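Visitor: Quick one: this structure, given as structure tokens, is what I'll be asking you about.
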Amino acid sequence: ANGLTRAGPRLAVTEAIDAKANSFSFRAGAPFSGPAALSDPRVRVGKTPSGLAVRAIHIGPYDTMKDTYARLDAYMRAHRIRASGGPWEVYLDGPGQDPAAARTEIWFPVQPRDPAPQ
226 ANGLTRAGPR LAVTEAIDAK ANSFSFRAGA PFSGPAALSD PRVRVGKTPS GLAVRAIHIG
286 PYDTMKDTYA RLDAYMRAHR IRASGGPWEV YLDGPGQDPA AARTEIWFPV QPRDPAPQ
């Protein structure tokens, strides 16, 4: 309706996490080409974070992604890598994909690594 052409897979950028309430808020979207539809109040233009990041690829249903997040967290801790913001997810396969084979990239923006202790 707005004359935009999708230029990549759908994604979700985490804006806030409330661990106590076991909830989070996010922005959902898709990369596009063409002029931004700024006249539609339901459409906002945004960006994913830039800079250093770590990435994991989750294969399987969305309800098992917590396991991939836990492994990614353990990897980051073991390598003294600190997040510099919230994660974002890129859904490589569309909604019609078999959930057991669905691929999702999980990205965390990170700070440069601390030097090894002396």
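Numbering (this note's numbering), first residue to last: 226 to 343. In this text, a Cβ means the ideal position worked out from N, Cα and C, and glycines have one as well. Please read these numbers as outputs of a predicted model, since none were measured by experiment.
Taking its Cβ as the centre, do 16 or more other Cβ atoms sit within 10 Å of residue 270, making it buried, or is it exposed?
Guide: Label assigned to residue 270: exposed.
Visitor: Starting from the C-beta of residue 307, find all residues in its chain whose C-beta is less than 7 Å away, skip the five residues before and the five after it, and write them out in chain order.
Guide: If we look at residue 307 and ignore the five residues flanking it on each side, its Cβ neighbours are 335 and 336.
Visitor: With DSSP as the reference, label residue 329 as helix, strand or coil.
Guide: Reduced to three states, the DSSP call for residue 329 is strand.
Visitor: Whole angstroms are fine: how far does the CA of residue 329 sit from the CA of residue 231?
Guide: Cα to Cα, the separation comes out at about 18 Å.
Visitor: Shortest alpha-carbon distance to residue 344 belongs to which of 318, 324 and 314?
Guide: Absent from the model: residue 344. The displayed extent of the chain is 226 to 343, so no value can be given.
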